[in-house]
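Student: Here it is, the structure, as C-alpha cells.
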Amino acid sequence: MNDDQKPLADIWLELQLITMATDLSVEDRERLEKTLESLKGHVSHNQENQRKVILRWFTARLGSRLFTSHYKQLLLELANLMATIWTGTPQFKSSDEVLNWLQEEPVDATQQDKSDDDIPKQA
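Now the structure itself:
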C-alpha cells in the first residue's frame, strides 16, 4: 500500500457514514465518489465479484429506501461509477439492470472448465 492510499477499513467506515444519511446531498455524492475513487488502489481492473460485494452491501444499507426513485438513481450512478473505475466504461442503463446483475450467480472456474469440455471440438 503506498503512502497516499487510504486503508480499506477507513474506506468502509466512510461509506457507512455516508449512507447513514436519509438523503444524500450534493456534498455527500461528491464524498461518495471520492471514497469510491480511493477503492481503486485496493482492487485490480474488472474484479466483478468485488464490485458485486460492494454494491450488495450498499443496497443492504439502503434497505427499503432503495425503492424510492432518488435511491434507485443513486444505485445506478454508483454502479456505473464503479464500472467506469474498474473497466473504463459504464455498464448499466437502469437500476433494475444493476439489481438483476447483483442477483446473478457467479460462474465458478471449475464449472466453466467442465462446460468447455461439453462443447464439441472442431478438427
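Residue numbers for the sequence shown, in numbering that gives the first Met the number 0: 0 to 122. Backbone N, C-alpha and C define an ideal beta-carbon position, used for all residues, glycine too. Remember, predicted model here, so these are calculated numbers, not experimental data.
1) Taking C-alpha atoms, which residue in 93, 92, 95 and 85 lies nearest to residue 53?
2) Taking 7 Å as the limit between beta carbons, can you name the residues of its chain near residue 38, skipping five residues before and five after?
3) For residue 91, which three-state DSSP category applies?
4) May I ask which residues mark the beginning and end of the alpha helix (DSSP H) holding residue 57?
5) Report, in whole angstroms, the separation of the C-beta atoms of residue 89 and residue 99, which I expect to be a contact under 8 Å.
6) If I'm right that residue 73 touches residue 97 with Cβ under 8 Å, what's the distance once you round it to whole angstroms?
7) Do residue 81 and residue 35 have their beta-carbon atoms positioned less than 8 Å apart in this structure?
8) Kindly indicate which three-state DSSP category residue 68 falls into: helix, strand or coil?
9) In or out: residue 57 buried (at least 16 other Cβ within 10 Å) or exposed?
10) Hey, how far is the Cα of residue 25 from the Cα of residue 93?
11) If you follow the alpha helix (DSSP H) that residue 38 is part of, which residue opens it and which one closes it?
12) Put residue 125 into one of helix, strand or coil per three-state DSSP.
Tutor: Reading from the atomic positions:
1) With distances taken between Cα atoms, residue 53 lies closest to 85.
2) Closer than 7 Å at Cβ, skipping near neighbours: 10.
3) Coil at residue 91, not helix or strand.
4) Taken as a continuous stretch (DSSP letters only), the alpha helix (DSSP H) holding residue 57 covers 47–61.
5) About 16 Å separates the CB atoms of residue 89 and residue 99; that is not less than 8 Å, and the two are not in contact.
6) In fact, because the Cβ distance is near 11 Å, the residues do not count as touching under 8 Å.
7) Yes.
8) Three-state DSSP puts residue 68 in a helix.
9) Residue 57 should be labelled buried.
10) Residue 25 and residue 93 have their C-alpha atoms some 21 Å from each other.
11) Here residue 38 belongs to no alpha helix (DSSP H), and DSSP marks it neither H nor E.
12) Past the boundaries of the shown model lies residue 125; the chain is included only from 0 to 122, so the question cannot be answered.
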